[in-house]
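**Student:** This is the structure I want to talk about, given as structure tokens.
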Amino acid sequence: MLTGLNHFTLAVVNLSRSIEFYVALPGFRLAARWETGAYLSLGDLWLLTPTPN
């Protein structure tokens, strides 16, 4: 049984657009960004958005 969630990863094609979406709609905060990915946080939940190779 799942009792919690700490982080998850979503591969995205357009990093900038994905960051804009997750910051605007659910209210994630951009914690770190680099050329091929980003970390976003929402309370204790972390989201990693890498771009595929």
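Each step along the sequence shown adds one to the number in my numbering, with nothing skipped, and position 8 is 8.
Ideal Cβ positions, reconstructed from N, Cα and C, are used throughout, including at glycine.
What do you reckon, are the CB atoms on W46 and H7 nearer than 8 angstroms?
**Tutor:** Along the sequence shown, one-based indexing puts residue 46 at 46. Along the sequence shown, one-based indexing puts residue 7 at 7. In contact: W46 and H7 (Cβ atoms closer than 8 angstroms).
**Student:** What span of residues does the alpha helix (DSSP H) with F21 cover, start to end?
**Tutor:** Position 21 of the sequence shown, counting from 1, holds the residue named residue 21. It spans L15 to A24 - the alpha helix (DSSP H) in which F21 sits, taken as one unbroken run.
**Student:** Roughly how many whole angstroms lie between the Cα atoms of R22 and T36?
**Tutor:** By one-based count along the sequence shown, residue 22 stands at place 22. By one-based count along the sequence shown, residue 36 stands at place 36. The amino acid occupying residue 22 in the given sequence is Tyr; Arg does not appear at that position. Looking at the two C-alpha atoms, the distance is approximately 17 angstroms.
**Student:** Express the C-alpha separation of S16 and T51 in angstroms, rounding to a whole number.
**Tutor:** If you number the sequence shown from 1, residue 51 lands on position 51. If you number the sequence shown from 1, residue 16 lands on position 16. Distance between the alpha carbons of T51 and S16 is about 10 angstroms.
**Student:** Spell out the partners DSSP gives F28 in its beta bridges.
**Tutor:** Residue 28 sits at position 28 when you count from the first residue of the sequence shown. DSSP lists no partner for F28.
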